[in-house]
Amino acid sequence: MSALGNVRVADFSHVFAGPYCTLALADFGAEVIKIEPPHGDAARGYTPPDVNGESPSFLCMNRNKKGIVLDLNSERGREVARDIVRRSDVVVENFATGVMERLGLGYADLAKDDPRLIYCSISAYGRSGPFAGRAGYDPVIQAESGLMALNGDPDGPPYRSGVAFVDLCTGMFATQAVLAALVARGVSGRGQFIDVPLFDSAVYLAGYHMMNYRASGAHPGRLGNASPVVAPMGLYDTGDGRMFITVAGDAVWRKLVKALGEPAELSRPEYATNRARVQEMASLNSALQSVFARAPLSHWVELLRAAGVPAGPVRTIPEAAESPETREREIIGTAPHSTAERVPNVRAPMSMSGTPLIPPSGAPVLGEHTRSVLSGLLGYPPDLLAELEAEGVLGRAPSGAAVSRGREARGAGAHLE
23 MSALGNVRVA DFSHVFAGPY CTLALADFGA EVIKIEPPHG DAARGYTPPD VNGESPSFLC
83 MNRNKKGIVL DLNSERGREV ARDIVRRSDV VVENFATGVM ERLGLGYADL AKDDPRLIYC
143 SISAYGRSGP FAGRAGYDPV IQAESGLMAL NGDPDGPPYR SGVAFVDLCT GMFATQAVLA
203 ALVARGVSGR GQFIDVPLFD SAVYLAGYHM MNYRASGAHP GRLGNASPVV APMGLYDTGD
263 GRMFITVAGD AVWRKLVKAL GEPAELSRPE YATNRARVQE MASLNSALQS VFARAPLSHW
323 VELLRAAGVP AGPVRTIPEA AESPETRERE IIGTAPHSTA ERVPNVRAPM SMSGTPLIPP
383 SGAPVLGEHT RSVLSGLLGY PPDLLAELEA EGVLGRAPSG AAVSRGREAR GAGAHLE
């Protein structure tokens, strides 16, 4: 049995942060019902490229979920949503502050019907206080939180991360909170409201830099690929490619020097301790660069790894996707999907011996499970479904779309009592 096989999630979230939270819950076995507007999650439009017309971003964030369409601007659509929530353990949403309350789907309204409900709300700056109504996205939060100021060369501009890691980490923090709330509910019998802002998450991610500043008043600045506390650490050009090494401590430094044949330029007494190497970082990097330029990348990577020195080539995304490590660990595979035989899939990074993650199934096409969820979970008869469709409350699965293998086999799932 999966870890969350008896948990149902009503997922009102969209784009990245919220869907990343519910993706993790779905991987752990929760029945996640993704509720989309008639035009769909905005991430469906993040093309090109596309996989048989589907956005890779959407596919990545929404595997193992059931997808339905509801027009929440209509009262009947909101009533259907409330019916789903009444049969759910968890609600996850990341609308602008006040939207769910205006729809009658806020925590205060829903918890009246079910005090056991766990309601996770993801926002840019939190759901209370003077900044609650401010719009914000991952890159802006990276800038405002100080994270962007840490990235880049000392004499260059700040850079955002190439991965939306504030969104993704916020989603992971939300998952942690939901899991903790489920455990707490098992003891108290009561649910709770969870507030997970992107800004708070970003400051938390910069926590040790924030601590250093508060303790000393020091501004870390930008060091490119170097570290303010460890040396050597950085990028070096070899004879035919770039390599990154990290020497975290004097024991590893001695391994490095020995592996390189104890060259005179690295055997100077001012390089004997990590503190001294940090102070002499410029001359140290110059000396190492002169050594690494003498042989090809593969030579140095093999040599340093054998010596126990963390070192690796700087790869592109295609190179990393096709690397021996990725292949051996079977990180990238495929999943069944309604629009094709298989679609690419990047699996969750963990494995569990007692409660394994569920096999992957592709993200739902728009409205794929509307009828099956409303009839199977809510017990709506065919004439009511037809009436709701005629009123434009529901979406319908595209003509000829097959049900993704695996999702329907899980059925309606079991509500955690």
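Sequential numbering of the sequence shown, starting at 23, is according to the numbering used here. Where is the CB? At the ideal position from N, CA and C, for every residue including glycine. Just so we're clear, the structure is a prediction, and the values are computed from it rather than from any experiment.
Residue of Leu416, Ile380, Thr377 and Ala412 minimising C-alpha distance to Leu388
The residue with the shortest Cα to Cα distance from Leu388 is Leu416.
Could you tell me which whole beta strand (DSSP E) segments of length 3 or greater appear in the stretch 104-166?
The beta strand (DSSP E) runs of length 3 or more contained entirely in the stretch 104-166 are, from start to end of the chain, 112-115 and 140-145.
Do Thr197 and Ala46 have their C-beta atoms closer together than 8 Å?
Between Thr197 and Ala46, the gap from beta carbon to beta carbon is short of 8 Å.
Between which two residues does the beta strand (DSSP E) containing Pro78 stretch?
Not the beta strand (DSSP E): Pro78 falls in the alpha helix (DSSP H), residues Pro78 to Met83.
For Val205, the nearest candidate out of Ile140, Thr119, Ala328 and Leu306 (CA to CA):
For Val205, the nearest C-alpha among the options comes from Ile140.
When burial is assigned at 16 or more other CB atoms within 10 Å of the CB, is Val200 buried or exposed?
With 16 or more neighbouring CB atoms inside 10 Å of its own CB, Val200 falls in the buried class.
Check whether the stretch 181-198 touches the stretch 104-111, taking contact to mean three or more Cβ pairs, one atom from each stretch, closer than 8 Å.
Touching, no, given that fewer than three Cβ pairs across the two stretches are closer than 8 Å.
Just to confirm, is the Cβ distance from Phe50 to Ala25 under 8 Å?
The Cβ atoms of Phe50 and Ala25 lie closer than 8 Å to each other.
Quick one: what's Ile90 bridged to in DSSP?
Answer by DSSP bridge pairing, in chain order: Ile57.
Distance check for Met83 and Arg351, CA to CA, integer angstroms please.
Cα atoms of Arg351 and Met83: separation of roughly 21 Å, rounded to the nearest angstrom.
Pull up the distance between the alpha-carbon of Ser77 and that of Pro70, whole angstroms please.
Inter-residue distance for Ser77 and Pro70 is about 7 Å (C-alpha atoms, whole angstroms).
Per the DSSP calculation, Thr44 is bridged to which residue(s)?
DSSP, once it has assigned bridges, lists no residue as partnering Thr44.
Inter-residue Cα distance where the pair is Ala48 and Ile380
Answer to the nearest angstrom: the Cα atoms are 8 Å apart.
My guess is that Ile144 and Ala224 are in contact by the Cβ rule of under 8 Å, so how many angstroms apart are they, rounded?
Actually they do not touch by this definition, with Cβ atoms about 13 Å apart.
Relative to the C-alpha of Gly440, which candidate in Pro371, Leu399, Ala39 and Pro219 has its C-alpha closest?
This structure cannot speak to residue 440, because the chain is shown only from 23 to 439.
What residue from Pro404, Met303 and Pro254 has the CA that sits closest to Arg393's CA?
Taking only the C-alpha atoms, the option nearest Arg393 is Pro404.
Along the chain, which unbroken stretches of the alpha helix (DSSP H) at least 4 residues long are found entirely within the stretch 266-298?
Counting whole runs of 4 or more residues, the stretch 266-298 contains the alpha helix (DSSP H) stretches 272-281.
Any idea if Tyr440 is buried or exposed, counting beta-carbon neighbours within 10 angstroms, 16 or more meaning buried?
This structure cannot settle anything about residue 440, because the visible part of the chain is limited to 23 through 439.
Roughly how many whole angstroms lie between the Cα atoms of Arg30 and Val112?
Rounded to whole angstroms, Arg30 to Val112 spans 6 Å at the Cα level.
Buried versus exposed, by CB contacts within 10 Å (16 or more), Leu399
Counting C-beta atoms within 10 angstroms of its own C-beta, Leu399 has 16 or more neighbours from the protein chains shown and is therefore classed as buried.
Could you give the residue range of the alpha helix (DSSP H) that holds Met233?
Met233 -> alpha helix (DSSP H) spans Gly229 to Ser238.
Decide if the stretch 232-240 is in contact with the stretch 303-319; the criterion is three or more beta carbon pairs, one per stretch, under 8 Å apart.
No, the stretch 232-240 does not touch the stretch 303-319.
By the 10 Å Cβ neighbour count, where 16 or more other Cβ atoms means buried, how is Gly457 classified, buried or exposed?
Here the chain comprises residues numbered 23 to 439, so residue 457 is not present and cannot be evaluated.
Would you tell me roughly how many angstroms separate the C-alpha atoms of Ala270 and Met255, rounded to the nearest one?
Cα to Cα, the separation comes out at about 8 Å.
Pair every Cβ in the stretch 260-269 with every Cβ in the stretch 324-344, then say whether three or more of these pairs are closer than 8 Å.
Cβ pair count under 8 Å is three or more, so yes.
Look at the alpha carbon of Ala316 and the alpha carbon of Val279, and state the distance between them as a whole number of angstroms.
Residue 316 is actually Arg in this sequence, not Ala. Rounded to whole angstroms, Arg316 to Val279 spans 15 Å at the Cα level.
Using 8 Å as the threshold, is the C-beta distance between Glu58 and Val102 below it?
Not in contact: Glu58 and Val102 (Cβ atoms no closer than 8 Å).
Between Ile353, Ala362, Tyr293 and Glu390, which lies nearest to Ser373 when the distance is taken from Cα to Cα?
Each of Ile353, Ala362, Tyr293 and Glu390 was checked against the Cα of Ser373, and the nearest Cα belongs to Ile353.
Among Ala118, Leu169, His241 and Glu166, the one whose alpha carbon lies nearest that of Arg149:
Taking each of Ala118, Leu169, His241 and Glu166 in turn and checking the Cα distance to Arg149, the smallest one comes out for Ala118.
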